[in-house]
Amino acid sequence: MTVEVSPEQTQMVESAVKGEEPVKLEETAAEEKKTEVSDGKDPSSDHSSTVVERSPSFKEESNFLSDLKESERRALFELQSKLEEAIAEGNLLKKDSKETDEDFSIWGVPLLPSKGGKSTDVVLLKFLRAREFKVKDAFDMLKNTLRWRKENKIDSILDEDDIRDEFGKAGFINGLDREGHPVCYNVLGVFQDAEMSRIVFGSDEGRKKFLRSRVQLMEQGIKELDMRPGEVSSLLHITDLKDVIGLSKKEVRDTIKQAVHLLQDNYPEFVAKNVIINAPFWYYALNAILSPFLTQRTKSKFVVVRPAKVTETLLKYISPEAIPTQYGGLKRENDNEFSMEEGRVLELTVKAASVGTIEIPALETGTTLLWDFVVLGWEVNYTAEFVPSDEGSYTIIVQKGKRIASQEEPIRSSFRNNEPGKVILTIENSTLKKKRVFYRYKVISA
Numbered sequence: 001m002t003v004e005v006s007p008e009q010t011q012m013v014e015s016a017v018k019g020e021e022p023v024k025l026e027e028t029a030a031e032e033k034k035t036e037v038s039d040g041k042d043p044s045s046d047h048s049s050t051v052v053e054r055s056p057s058f059k060e061e062s063n064f065l066s067d068l069k070e071s072e073r074r075a076l077f078e079l080q081s082k083l084e085e086a087i088a089e090g091n092l093l094k095k096d097s098k099e100t101d102e103d104f105s106i107w108g109v110p111l112l113p114s115k116g117g118k119s120t121d122v123v124l125l126k127f128l129r130a131r132e133f134k135v136k137d138a139f140d141m142l143k144n145t146l147r148w149r150k151e152n153k154i155d156s157i158l159d160e161d162d163i164r165d166e167f168g169k170a171g172f173i174n175g176l177d178r179e180g181h182p183v184c185y186n187v188l189g190v191f192q193d194a195e196m197s198r199i200v201f202g203s204d205e206g207r208k209k210f211l212r213s214r215v216q217l218m219e220q221g222i223k224e225l226d227m228r229p230g231e232v233s234s235l236l237h238i239t240d241l242k243d244v245i246g247l248s249k250k251e252v253r254d255t256i257k258q259a260v261h262l263l264q265d266n267y268p269e270f271v272a273k274n275v276i277i278n279a280p281f282w283y284y285a286l287n288a289i290l291s292p293f294l295t296q297r298t299k300s301k302f303v304v305v306r307p308a309k310v311t312e313t314l315l316k317y318i319s320p321e322a323i324p325t326q327y328g329g330l331k332r333e334n335d336n337e338f339s340m341e342e343g344r345v346l347e348l349t350v351k352a353a354s355v356g357t358i359e360i361p362a363l364e365t366g367t368t369l370l371w372d373f374v375v376l377g378w379e380v381n382y383t384a385e386f387v388p389s390d391e392g393s394y395t396i397i398v399q400k401g402k403r404i405a406s407q408e409e410p411i412r413s414s415f416r417n418n419e420p421g422k423v424i425l426t427i428e429n430s431t432l433k434k435k436r437v438f439y440r441y442k443v444i445s446a
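Per full-length UniProt numbering, the sequence shown starts with residue 1, numbered consecutively.
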């Protein structure tokens, strides 16, 4: 028998955005390592669950001397020599500046090999790679960066709370990707408001503050890196263009170009991958404008994602529990229910025109069952019920049949049981494409 009740149920509402470049689902799935869950199910079953594990998506180039080509090692040693000579002669910075030991460090790393050791090599290799191991070009780039940092007081930019307060929603660091890179989100749609756009892009002061906010965000991300060989020394950038104003205003185009120049010239090799999501049609016009100013090495790091493919693409680089809910993942701000350490994320594949189920056991009375799930692409029917172990007891409807649209947010619900049994979540896929369900749950004792 079945009786309907009113359980504890919370659906967290945060915009689930879609988008990504033309990346095939099969390619995404093939890159994810999966191991079977020990749940007693036949691994050959159509709907067996698997654990979603961290898997390589892209790797940084090695910074170990032993892994460098002979020509690259020679270039590194030559750059070290030029740097030591310039420091000794006092001509690394402008003649009228008083040079101190702090002037000869960057991002907390001493530039003298004798003081910085292998971390110095990692920094110097970034400049060399940005200039294709041309020593003079790399040296000039480093020298210009040091002078720019000193003139613009970049070393103290993280103390500028007014910039962070004003532009915090436009850029932030949130979690790590599958390889351990800090993930930097640039959300430019916050400038869609006409008044805010006028304030930011309508005056020299506003544009300067915007550019400074981009630099501050880079410095914040770099602070989380480890410059030792073998460690993570670059960021994953996610740039969200949803609702971004177009290219009709010259000051907007000029500011964007200036930001690109600024970051490319002063932060070499600090972005492992730059994923552009929710790219509108005008982005391709912008790309045509910016392309001549980008090096081929920089261009190779861009991934452009249309709105319908956002979550699918992000899953290639970031695990579902680390993707914010507004981008189709399970990560909620200030989440008190699930931490990154608990509640492993499982994946259920529901084939086309079929039904998949998720079972959450409740062996003890008075426990609270909490579950969290998202369906890639949604367009499914969802129901939940509690089935008691005692066949003579009533089945309780937790969630009546509900059609989940393509832009739904992740669903989080809970149920408190008064007798042993299990909660069964049913995902009905009536479409002609398979669906990937990412879910986690936990049982909270009374």
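Glycine residues also receive a C-beta, built at the ideal position from the N, C-alpha and C atoms. Given the structure is predicted, the values throughout are model-derived calculations rather than measurements.
To the nearest angstrom, how far is it from the Cα of V232 to the Cα of E60?
-> 8 Å
Residues in its own chain within less than 8 Å of V437 by CB, not counting five upstream and five downstream?
-> E347, L348, T349, V350, G356, I358, F373, V374, V375, L376 and I427
Apart from the five residues on each side of it in sequence, which residues of its chain come closer than 8 Å, Cβ to Cβ, to L112?
-> L83, E84, I87, F104 and T120
From the DSSP output, read off the bridge partner residues of K331.
-> P324
Taking the alpha carbon of A353 as the point to measure from, which residue in E312, T431, L369 and V398 has its own alpha carbon closest?
-> T431
Once you ignore the five residues that flank I360 on each side, which residues in its own chain have a CB closer than 7 Å to its CB?
-> L369, W371, K422, V423 and Y441
With F293 as the anchor, note down where its beta strand (DSSP E) starts and where it stops.
-> Element bounds for F293: n/a, residue is neither H nor E.
Determine the burial state of G90: buried for a count of at least 16 other Cβ atoms within 10 Å of its Cβ, exposed for fewer.
-> exposed
Under 7 Å Cβ to Cβ from L25, same chain only, skipping five residues before and after it: list those, please.
-> Note that L25 scores 27 on pLDDT, short of 50, meaning its location in the model is unreliable and no value can be drawn from it.
Own chain residues within Cβ distance below 7 Å of G175, not counting five before or after = V183, A322 and K331
First and last residue of the beta strand (DSSP E) that includes V305?
-> Neither: V305 is in no beta strand (DSSP E) and is coded neither H nor E.
Is the region 60-73 close to the region 126-133, with three or more CB pairs under 8 Å?
-> yes
Whole-angstrom Cβ separation of S71 and R178, contact assumed at under 8 Å?
-> That pair is no contact at about 32 Å.
Separation of T325 from S55, as counted between CA atoms = Residue confidence for S55 is low, a pLDDT of 46 falling below 50, so the modelled location carries little weight; the figure read from the coordinates is stated next. Cα-Cα distance, rounded: 21 Å.
Beta-carbon spacing of residue 447, I277 below 9 Å = For residue 447 there is no data in the structure shown, the boundaries of the chain being 1 and 446.
T367, buried or exposed, once every other Cβ within 10 Å from all chains shown has been counted against 16 = buried
Count the C-beta pairs between the region 253-269 and the region 157-176 that are closer than 8 Å, then say yes if the count reaches three, no if not.
-> no
Local Cβ density within 10 Å of I266, reported as buried at 16 or more and exposed below that = Before going on, a small fix: residue 266 reads as Asn here, not Ile. Buried, since its Cβ has 16 or more Cβ neighbours within 10 Å.
In whole angstroms, what separates the C-alpha of V190 from that of G221?
-> 20 Å
Apart from the five residues just before and just after E269, which ones in its own chain have a Cβ nearer than 7 Å to its Cβ?
-> K126, R129, A130 and S234
Nearest residue (CA-CA) to D390, options A362, I256, K143 and V310 = A362
According to the Cβ coordinates, are I106 and T145 closer than 9 Å?
-> yes
Between A75 and F139, what straight-line distance do the alpha-carbon atoms span, to the nearest angstrom?
-> 11 Å
Just the Cα atoms here: how many angstroms apart are K143 and A170?
-> 30 Å
Beta-carbon gap between D240 and V187 smaller than 9 Å | yes
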